[in-house]
Amino acid sequence: MPTTHLACFTEFSQPTAHLKIPAEFTYPFAYQANPLAKLAAQELQQKLPHFHPENSTNQGRMYGVLVVKSPEGKLGYLTAISGNIDTKTDKNSDIAFVPNIVDGFASDEKQQQIHQHVNQINHEIAALENSAKYQYATQLLHAEKQCADVQIVKRQQTNIDNKVMRKELRRQLQLAEAQNTLSAEHIKQQSIELSRQSVFDKKALAELKTYWQQRIEIAQANYDTLHQQLSGLKKRRRQLSHKLQKWLFEQYQLLNAKGETKDVLTLFKGTVIPKPPAGSGDCAAPKLLQYAFLHQFTPICMAEFWWGNAPKSEVRKHLQFYPACQGKCLPILNHMLEGLTVEKNPLLENPAADLPLPIVYQDEHIVVVNKPSGLLSVPGKTIQDSVYQRIIEQNPDATGHLILHRLDMATSGLLVLALSTRAHKHIQKQFISKVVQKRYVALIDGVIEQQQGEITLPLTLDFYDRPRQMVCVETGKPAHTKWQKLAEEHGQTRLLLYPITGRTHQLRVHCAHAEGLNTPIVGDDLYGTPDDRLKLHAQRLSFLHPISQQRMTFEVEPDF
Numbered sequence: 001m002p003t004t005h006l007a008c009f010t011e012f013s014q015p016t017a018h019l020k021i022p023a024e025f026t027y028p029f030a031y032q033a034n035p036l037a038k039l040a041a042q043e044l045q046q047k048l049p050h051f052h053p054e055n056s057t058n059q060g061r062m063y064g065v066l067v068v069k070s071p072e073g074k075l076g077y078l079t080a081i082s083g084n085i086d087t088k089t090d091k092n093s094d095i096a097f098v099p100n101i102v103d104g105f106a107s108d109e110k111q112q113q114i115h116q117h118v119n120q121i122n123h124e125i126a127a128l129e130n131s132a133k134y135q136y137a138t139q140l141l142h143a144e145k146q147c148a149d150v151q152i153v154k155r156q157q158t159n160i161d162n163k164v165m166r167k168e169l170r171r172q173l174q175l176a177e178a179q180n181t182l183s184a185e186h187i188k189q190q191s192i193e194l195s196r197q198s199v200f201d202k203k204a205l206a207e208l209k210t211y212w213q214q215r216i217e218i219a220q221a222n223y224d225t226l227h228q229q230l231s232g233l234k235k236r237r238r239q240l241s242h243k244l245q246k247w248l249f250e251q252y253q254l255l256n257a258k259g260e261t262k263d264v265l266t267l268f269k270g271t272v273i274p275k276p277p278a279g280s281g282d283c284a285a286p287k288l289l290q291y292a293f294l295h296q297f298t299p300i301c302m303a304e305f306w307w308g309n310a311p312k313s314e315v316r317k318h319l320q321f322y323p324a325c326q327g328k329c330l331p332i333l334n335h336m337l338e339g340l341t342v343e344k345n346p347l348l349e350n351p352a353a354d355l356p357l358p359i360v361y362q363d364e365h366i367v368v369v370n371k372p373s374g375l376l377s378v379p380g381k382t383i384q385d386s387v388y389q390r391i392i393e394q395n396p397d398a399t400g401h402l403i404l405h406r407l408d409m410a411t412s413g414l415l416v417l418a419l420s421t422r423a424h425k426h427i428q429k430q431f432i433s434k435v436v437q438k439r440y441v442a443l444i445d446g447v448i449e450q451q452q453g454e455i456t457l458p459l460t461l462d463f464y465d466r467p468r469q470m471v472c473v474e475t476g477k478p479a480h481t482k483w484q485k486l487a488e489e490h491g492q493t494r495l496l497l498y499p500i501t502g503r504t505h506q507l508r509v510h511c512a513h514a515e516g517l518n519t520p521i522v523g524d525d526l527y528g529t530p531d532d533r534l535k536l537h538a539q540r541l542s543f544l545h546p547i548s549q550q551r552m553t554f555e556v557e558p559d560f
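No gaps in the numbering here: position 248 of the sequence shown is 248 in the working numbering, and each next residue is one more.
Encoded structure:
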């Protein structure tokens, strides 16, 4: 562990005199890495192969660098691993990573005892779940229910078949009675026998149900005894874990540039996620700033990058820079950056304020526009300027909901809006029934060999890092994209993309994800590398006119 303020400080090994020191600190949630931060990252990356081999089968990690001035005025940087440093490899690294803000429960004997108790409960839970008696009780209950279902269904079908047969026999008896081919006494006896069979079938089914109900109740009681024991252990573990987590978050006394401290629980109180997610305070950025403030370093700029294999769900690329996560870090960094002069949040600025909104087609029912990159489709929380706002101002007599579909702020291209309730209802049905046809042009940041293909990765919101989407087989919604290669251009590839479904960020994630094309769209600041714009354009839009029912097809080529 570091013992002096310089223990984690690294001076640049390369010249920096030609690099300008920024006047404002990095806005951590949307940035392009400053040249000084890039240089610090490069120097760290030169050391990482010995610590974290690129071809390691382990999952990759996020690393962070914070360019600082030491109390003595020297320029250098601090480095951090995102996540809790708890392995022998991490702690014995030759790289002087800043330490955890809180080193688990090592500092408190009482909490250590609770932690040990939780571990003991974990062992008890595992032992019970894997025990022969619990496995047998679980399997027996399942088998009894399964056998009961099979035999009861079989008996019910027998009763149905018998009922059909009795109905036919009664019909024949009625016919014989009408034709006087059987004696009245014989017909009477046969009818009584059929009624007796009906009663027998009903009784047999009832007895079978009672028999299996009793067997299942015995198996259920045996299972419940063990399951209640298991539930009690899990409840106790949950209570102790909550107590530990609360204590732990209270230990995160986070500093800001003013020297003020607040704990994690206080910082999350009243936010969108009032209960801090596990690991809050363990990301690279908070650890770097905490160390800097504790040891009187002056923060200059920062950057975080991914190293190694991509995770299954999120889009992460080796060596690529990423912003801090919103879910865990936003409340924390909002506090820690107080007292620093920080870059403006670019997400609060309207890059399309001076851009025109070309009208491609308009009549009294619909309007088709070519949305520029940077303009919102609908008003946002802080920016009202949008396609909706401009069209409603130009068409004050429009009725109903104008918006039928949307494009991401960074995506350009064709949008159709309805100017009447009737038109909206008609075209909305076309979207639902997939009568509307859409085609996009994208420039992706790499060369792919295939000529065409399909991607079916299910998508869901990354709850702790909105608005990012991630791939999730369990909870994701189906997402389907077809694609076709057009050309290779200077190490990049131009594609046609056909979204069969319309999930948020579908085309962007399907291009960038390791199980998709594994190549992000050029200029994608969420899933790739920022550029002058996102090279994604809604190039073709086709639908039936809501009144004439004639198919209308519009095409506008991209400006890239």
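Even glycine gets a Cβ: it sits at the ideal position worked out from N, Cα and C.
Coarse secondary structure for residue i, derived from DSSP in three states
i: R439; result: strand
i: E338; result: coil
i: R316; result: coil
i: T481; result: strand
i: E454; result: strand
i: Y211; result: helix
i: G249; result: It is Phe, not Gly, that sits at residue 249 in the sequence shown. Note: F249 maps to helix in three-state DSSP.
i: T57; result: coil
i: T3; result: Interpretation of T3 is limited by its pLDDT of 49, a score under 50 that renders its predicted location unreliable; the figure taken from the coordinates is listed afterwards. Three-state result, T3: coil.
i: T10; result: strand
i: A418; result: strand
i: N162; result: helix
i: G64; result: strand
i: T261; result: strand
i: S373; result: coil
i: P346; result: helix
i: P29; result: Note that residue 29 corresponds to Phe in the displayed sequence, not to Pro. In this structure, F29 counts as coil in the three-state DSSP scheme.
i: V563; result: Lying before the first or after the last residue shown, residue 563 is absent from the chain, which here runs from 1 to 560.
i: N309; result: strand
i: R503; result: coil
i: S386; result: strand
Same chain only: Cβ atoms within 6 Å of residue i, ignoring 5 sequence neighbours per side
i: N309; result: Q59 and G60
i: D282; result: G83 and N84
i: G339; result: N256, A257 and K258
Per DSSP, the bridge partner or partners of residue i
i: S412; result: H537
i: K69; result: L75 and T298
i: M470; result: T460
i: P530; result: G523
i: I403; result: L417
i: F543; result: M552
i: I366; result: A418
i: A303; result: V65
i: A487; result: R494
CA nearest to the CA of residue i, picked from the options
i: Q111; options: Q251, P346 and Q179; result: Q251
i: A410; options: P546, S131 and D531; result: D531
i: P546; options: L417, A96 and E193; result: L417
i: R468; options: E349, M165, I192 and P323; result: P323
i: T481; options: V473, E488 and L496; result: L496
i: G76; options: L6, P286, W307 and N100; result: L6
i: L19; options: Y31, A30 and P35; result: P35
i: P53; options: R215, E177, L289 and W307; result: W307
i: Q564; options: L340, V272, D354 and I300; result: The structure shown does not extend to residue 564, since the chain is modelled only from 1 to 560, so the question has no answer here.
i: E207; options: Q156, R171 and I218; result: Q156
i: Y440; options: D408, D462, E449 and R171; result: D408
i: S313; options: L288, I383 and E474; result: E474
Own chain residues within Cβ distance below 8 Å of residue i, not counting five before or after
i: S13; result: E43
i: I575; result: As displayed, the chain neither begins before 1 nor continues past 560, which places residue 575 out of reach and without an answer.
i: K246; result: L265
i: V150; result: none
i: Q492; result: L443, I444, D445, G446, V447 and V522
i: C147; result: W212
i: P356; result: P372
Same chain, Cβ closer than 7 Å to residue i, five either side skipped, listed in chain order
i: V563; result: Residue 563 cannot be examined here, being either before or after the span of the chain that is shown, 1 to 560.
i: P351; result: G374
i: H513; result: V315, L457 and V471
i: K328; result: P277, G279, S280, C283 and Y464
i: L404; result: V416, L417, A418, H424, I427, Q428 and F431
i: I359; result: V367 and V369
query: Counting pairs of Cβ atoms below 8 Å between the segment 237-252 and the segment 111-129, do you hit three or more?
result: yes
- prompt: Using 8 Å as the threshold, is the segment 332-342 in touch with the segment 522-530, meaning 3 or more CB pairs across them?
  reply: no
- prompt: When the Cβ atoms of the segment 500-510 are set against those of the segment 385-395, are three or more pairs found closer than 8 Å?
  reply: no
Three or more C-beta pairs below 8 Å linking the segment 292-305 and the segment 70-83: yes
- prompt: For the 8 Å Cβ check, are there 3 or more pairs between the segment 125-134 and the segment 222-239?
  reply: yes
message: For the pair the segment 209-229 and the segment 176-189, tell me if three or more CB-CB distances fall below 8 Å.
response: no
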